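Counting from 374, one number per residue, gives the positions in the sequence shown under the numbering used here.
Using N, Cα and C, we set each Cβ at its ideal position, and we do this for glycine too.
Predicted model, so just to flag it, every value in this text is computed and none were measured.
Step one of this worksheet: look at the structure below.
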Amino acid sequence: MKYLSLAVMTVALAACAGQPPAGVQPVGQSQQPPKAVAQCVAQKWADKTQQQVILQDTLANDQALDVFVPGQQPPNGAAAVVRPAYTGTGSWVGFRANGAAGSDTTGDISACL
374 MKYLSLAVMT VALAACAGQP PAGVQPVGQS QQPPKAVAQC VAQKWADKTQ QQVILQDTLA
434 NDQALDVFVP GQQPPNGAAA VVRPAYTGTG SWVGFRANGA AGSDTTGDIS ACL
């Protein structure tokens with residue numbers, strides 16, 4: 374019975390790991406690793422606004438990052454959400470708006486894919 378419970382838990386966790394985070398609008402995928410995509414987005418936003426951009430690791434070794442829109446603060450501010458690709462290699466990228474305008478920001482994100 375213990376092993377059955379463990380198997381069910383493993384399948385449930387794997388199913389959750391394969392889904393985009395709640396409240397995040399998908400933007401696209403990239404063949405680049407998450408850190409490279411996140412740095413590109415951060416640089417575009419910093420150059421465009423001349424403001425500081427916060428990058429927050431959400432998974433060890435820069436494998437998943439949130440790039441906060443200038444003026445937004447962790448943990449719940451508007452951000453580009455960069456995760457390892459759900460299938461294959463590279464990155465999956467989305468945008469968590471939380472009240473911030475999304476059209477310019479998602480265009481900047483798309484330019485880094």
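Legend entry - Residues near Q445 in its chain [Cβ-Cβ closer than 6 Å; skip 5 each side]: To locate residue 445, count along the sequence shown from 1; it is residue 72. Once the five neighbours on either side are set aside, the close Cβ partners of Q445 are A451.
Inset, instruction - Measure the alpha-carbon distance for L428 versus A484 and round it to whole angstroms. - result: Along the sequence shown, one-based indexing puts residue 428 at 55. Along the sequence shown, one-based indexing puts residue 484 at 111. Between L428 and A484, the C-alpha separation is close to 18 Å.
Inset, instruction - Please name the residue in A415, Q405, Q404 whose C-alpha comes closest to that of T478. - result: For the purposes of this step, residue 478 is taken as residue 105 along the sequence shown, with counting starting at 1. Selected option, being the one with the closest Cα: A415.
Inset, instruction - Pick helix, strand or coil for Q429, following the three-state DSSP scheme. - result: If you number the sequence shown from 1, residue 429 lands on position 56. Residue state, collapsed to three classes: strand.
Legend entry - Under 7 Å between C-beta atoms of V400 and V455: As a working note, residue 400 is residue 27 in the sequence shown. As a working note, residue 455 is residue 82 in the sequence shown. The answer is no: Cβ separation not under 7 Å.
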